Amino acid sequence: MSVQIRPQRLSATAIRNRKGGDKIVCLTAYTAPVARLLDEEVDLLLVGDSLAMVIYGFDSTLPVTLDMMVAHGAAVVRATQHAAIVVDLPFGAYQESPEQAFRAAARVMADTGCMSVKLEGGEEMAETVAFLTRRGIPVMGHIGLTPQAVNQLGGYRSRGHEGAERRKILADGAAIADAGAYSLVIEGVNEGVARDMTAAVAIPTIGIGGSPACDGQILVTDDMLGLFAFTPKFVKRYARLADDIREAARAYAAEVRDGRFPAPEHTYQAPAKRAKTTAGALTVQSNLPLSGNSGEP
Ligand code: KIV
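Take the position in the sequence shown, starting the count at 1, then add 979; the result is the number in our numbering.
If you want it as structure tokens, here you go:
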């Protein structure tokens, strides 16, 4: 067997072994340039099916296809070297049977080079998680507020505040952990549930609207960068990029309209000319202003 030397990425086992240790830092990424910027700062990047809303402007995650996940997953893997890359299995690509889930997960892993898939669901998905993990596919679970089940759950409200719902979420988490998942996203649940879950399971919990007690945290990157007007309670904005983008677009529009852009330094002059010196040697006369960071062209 020949071994290719590849950059050291965090593996599912490395993430699994962080249970109770250093907090696991996760964000979403959907495109190469953003993934490249985030790669060194985080432990794990999730190519989430939230790209339906964030990138494509749908109002739920349901319309995402396997082809979309593969295209974005491959872009994120190509752009990164350090973070563990996890790709979501989209709605309809895995719920029917463990075999259907295996085909979808195998395609995602083979065509993107990611190290794991994530799927939503609790007790009802435990058999599928066991089927995948026994066949070499590391699985990250996702319970609590599961966006693919928004129509069943009756909206995006937080969950697990009272008896039966609380017990159900705890049972879901235990079932997914027992089935062999290496980590578990807990979304939009009562703080106590996330804390009890983290204490109960042997795998790391990754909170999003969970609790600081979780072993790690994840946010949708575009939310924490302040690209959307509406953000859920659990989002903290670390930047206000929407304001910066609007301001940049306004400045650009004003300069185009009043003729200040493009300026001479953004404009190509006559190409370099070859001329003979008096001594007969050839020199290059250039009046090409090479632009700031890109040079010619
Ligand atoms: O799709 C996604 O971005 C997610 C995170 C919110 C955990 O599943």
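Just so it is clear, CB atoms sit at the ideal spot from N, CA and C, and this is done for glycine as well. Just so we're clear, the structure is a prediction, and the values are computed from it rather than from any experiment.
| Query | Result |
| --- | --- |
| Within the stretch 1162-1207, ranges of the beta strand (DSSP E) (whole runs, at least 3 residues) | 1162-1166, 1184-1187 and 1195-1198 |
| Rounded C-alpha distance that separates T1091 from M1176 | 31 Å |
| Other residues of its chain near N1272: CB distance less than 7 Å, five sequence neighbours each side excluded | Unreliable placement is indicated for N1272, whose pLDDT of 47 sits below 50; the coordinate value is still reported in the next sentence. No residues qualify anywhere along the chain. |
| contact_flag[the stretch 1101-1109, the stretch 1072-1091] where n(CB pairs < 8 Å) is 3 or more | yes |
| Inter-residue Cα distance where the pair is L1041 and E1102 | 21 Å |
| Contacts around P1117, its chain only, beta-carbon distance under 6 Å, and the 5 residues preceding and following it disregarded | A991, S1095 and Y1161 |
| Heavy atom of the ligand KIV within 7 Å of P1164 beta-carbon | In the sequence as presented, Pro is not what sits at residue 1164; that position holds Val. The answer is yes for V1164. |
| Test item: CB-CB of A1054 and T1010 under 8 Å | yes |
| Inter-residue Cα distance where the pair is I1122 and R1136 | 14 Å |
| Distance between beta carbons of A1181 and K998, contact taken as under 8 Å | 7 Å |
| For P1012 and L1024, the rounded distance between their alpha carbons | 13 Å |
| Residues that DSSP places opposite K1097 in a beta bridge | D1067 and M1119 |
| L1267 versus A1242 - alpha carbon distance | For L1267, the predicted structure reports a pLDDT of 46, less than 50, and the residue's modelled location is therefore unreliable. A value from the coordinates is still provided. If you take the alpha carbons of L1267 and A1242, they lie about 14 Å apart. |
| Where the alpha helix (DSSP H) through V1108 begins and ends | A1105 to T1112 |
| Boundaries of the beta strand (DSSP E) in which I1003 is found, first to last residue | I1003 to T1007 |
| Extent of the continuous alpha helix (DSSP H) to which V1235 belongs | L1220 to R1236 |
| Secondary structure of V1013, DSSP reduced to three states | helix |
| Per-residue burial, L1261 [other beta carbons within 10 Å of its own, 16 or more giving buried] | Low confidence applies here, because L1261 scores a pLDDT of 46, under 50, leaving its location unreliable and the question unanswered by this model. |
| Residue span of the beta strand (DSSP E) that contains L1024, given as start and end | L1023 to V1026 |
| Three-way DSSP call (helix, strand, coil) for R957 in this model | Outside the displayed span of the chain (980 to 1276) sits residue 957, for which this structure offers no information. |
| Sequence-distant residues of the same chain with beta carbon closer than 7 Å to V1029, five excluded per side | In the sequence as presented, Val is not what sits at residue 1029; that position holds Ser. These residues qualify, in order along the chain: T1007, T1040 and V1199. |
| Residue range of the unbroken alpha helix (DSSP H) whose run includes H1051 | L1045 to R1057 |
| Residue span of the alpha helix (DSSP H) that contains R1146, given as start and end | G1142 to D1157 |
| Option nearest V1066 by Cα separation, candidates E1078, M1048 and Q1060 | M1048 |
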